[in-house]
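Before any comments, here is the structure.
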Amino acid sequence: EAQVTQNPRYLITVTGKKLTVTCSQNMNHEYMSWYRQDPGLGLRQIYYSMNVEVTDKGDVPEGYKVSRKEKRNFPLILESPSPNQTSLYFCASSPTGDGYTFGSGTRLTVV
Amino acid sequence: AQSVTQLDSHVSVSEGTPVLLRCNYSSSYSPSLFWYVQHPNKGLQLLLKYTSAATLVKGINGFEAEFKKSETSFHLTKPSAHMSDAAEYFCVVTPFGGYNKLIFGAGTRLAVHP
Numbered sequence: 608e609a610q611v612t613q614n615p616r617y618l619i620t621v622t623g624k625k626l627t628v629t630c631s632q633n634m635n636h637e638y639m640s641w642y643r644q645d646p647g648l649g650l651r652q653i654y655y656s657m658n659v660e661v662t663d664k665g666d667v668p669e670g671y672k673v674s675r676k677e678k679r680n681f682p683l684i685l686e687s688p689s690p691n692q693t694s695l696y697f698c699a700s701s702p703t704g705d706g707y708t709f710g711s712g713t714r715l716t717v718v
Numbered sequence: 737a738q739s740v741t742q743l744d745s746h747v748s749v750s751e752g753t754p755v756l757l758r759c760n761y762s763s764s765y766s767p768s769l770f771w772y773v774q775h776p777n778k779g780l781q782l783l784l785k786y787t788s789a790a791t792l793v794k795g796i797n798g799f800e801a802e803f804k805k806s807e808t809s810f811h812l813t814k815p816s817a818h819m820s821d822a823a824e825y826f827c828v829v830t831p832f833g834g835y836n837k838l839i840f841g842a843g844t845r846l847a848v849h850p
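The listed protein sequences correspond, in order, to chains A and B. The opening position of the first sequence corresponds to residue 608 in the working numbering, with each subsequent residue numbered one higher. The opening position of the second sequence corresponds to residue 737 in the working numbering, with each subsequent residue numbered one higher.
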């Protein structure tokens, strides 16, 4: 089944403890993105990648890192999480940017 | 700069009545426009997209949207609401040639009552 898989689905962590949210797609898509969703704000782009080793900042990149060493994987790294990064995170992929497939989301709570 | 405004944060309809979710966009160039739906505790699913072909776009589950350049609108409609349509809906724009970026509206939560 064609899909975008994010792990974990739910995560509670403490301030300052490094964490990684994984994202993997099995559709050989070029484009991948990370978004965070907050009430009343819709989804905002954190980082995107247009191909292996090609990444760039979105609208809210502060406090996040990404890497794209393989086409299928696009992990989101929080080196020192803070409570304002408590949010619902989505990974998405697309072959051309013309319609994205989204993962099921990762609900992160930082205490 | 591109932006999207969803004019209603909440819409409530009765089952079997029409649905109208309103979206206005701002774009300097010819945009691509999308509607996505998010059911509770699920990811986002693409409902339909406009990419400069026909101005009336048909999507899945009986939804359609009309691109009106003169009004800078892309409203989502459905003739008859079903209980399963209850969800949050997002209007999305990508700038011309900027397919790495989706710009989301704040969302409209649709409630469907029996």
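Glycine residues also receive a C-beta, built at the ideal position from the N, C-alpha and C atoms.
C-beta neighbour in chain B for residue i, strict 8 Å
i, result
"F579 (chain A)", "Past the edges of chain A, shown from 608 to 718, lies residue 579 (chain A), and the structure says nothing about it."
"F681 (chain A)", "no"
"M657 (chain A)", "yes"
"L618 (chain A)", "no"
"G670 (chain A)", "no"
"G623 (chain A)", "no"
"L650 (chain A)", "yes"
"Y720 (chain A)", "Given that chain A is displayed from residue 608 to residue 718, the structure contains no residue 720 (chain A) and the question cannot be resolved."
"S711 (chain A)", "yes"
8 Å Cβ cutoff met for residue i and residue j
i, j, result
"S748 (chain B)", "S762 (chain B)", "no"
"G670 (chain A)", "F826 (chain B)", "no"
"L757 (chain B)", "L812 (chain B)", "yes"
"S640 (chain A)", "Y655 (chain A)", "yes"
"G704 (chain A)", "N797 (chain B)", "no"
"Q644 (chain A)", "S689 (chain A)", "no"
"N635 (chain A)", "K678 (chain A)", "yes"
Any C-beta of chain A under 8 Å from that of residue i
i, result
"G752 (chain B)", "no"
"G843 (chain B)", "yes"
"K814 (chain B)", "no"
"K804 (chain B)", "no"
"K778 (chain B)", "yes"
"K794 (chain B)", "no"
"N797 (chain B)", "no"
"F810 (chain B)", "no"
"S766 (chain B)", "no"
"N858 (chain B)", "Because chain B is modelled from 737 through 850, residue 858 (chain B) falls outside the range shown and cannot be assessed."
Integer-rounded CB distance, given that residue j should sit under 8 Å from residue i
i, j, result
"P754 (chain B)", "K814 (chain B)", "7 Å"
"A823 (chain B)", "Q774 (chain B)", "6 Å"
"E686 (chain A)", "K672 (chain A)", "6 Å"
"G710 (chain A)", "T612 (chain A)", "6 Å"
"S759 (chain B)", "F810 (chain B)", "The amino acid occupying residue 759 (chain B) in the given sequence is Cys; Ser does not appear at that position. About 5 Å; that satisfies the 8 Å criterion."
"T713 (chain A)", "L618 (chain A)", "6 Å"
"A737 (chain B)", "G647 (chain A)", "Actually they do not touch by this definition, with Cβ atoms about 20 Å apart."
"V667 (chain A)", "R651 (chain A)", "5 Å"
"V828 (chain B)", "Y772 (chain B)", "6 Å"
Distance cut-off 7 Å: residue i Cβ against heavy atoms of the ligand HEM
i, result
"K785 (chain B)", "This structure lacks the ligand HEM; in fact it carries no ligand of any kind."
Cutoff 8 Å: residue i Cβ touching any chain D Cβ
i, result
"T741 (chain B)", "The structure shown contains no chain D; the protein chains it does contain are A and B."
(message) Quick check on the DSSP output: what are the complete beta strand (DSSP E) runs of length 3 or more inside the region 619-699 of chain A, in order along the chain?
(response) 626-632, 638-645, 649-658, 661-664, 683-685
(request) Would you check if there are 3 or more beta carbon pairs closer than 8 Å linking the region 743-754 of chain B to the region 690-706 of chain A? (result) no
(message) Measuring CB atoms only, is the region 777-784 of chain B touching the region 796-806 of chain B, in the sense that at least three cross pairs come out at less than 8 Å?
(response) yes
(request) Entirely within the region 758-824 of chain B and at least 3 residues each: give me those beta strand (DSSP E) ranges in chain order. (result) 759-762, 768-774, 780-786, 792-794, 800-804, 809-814
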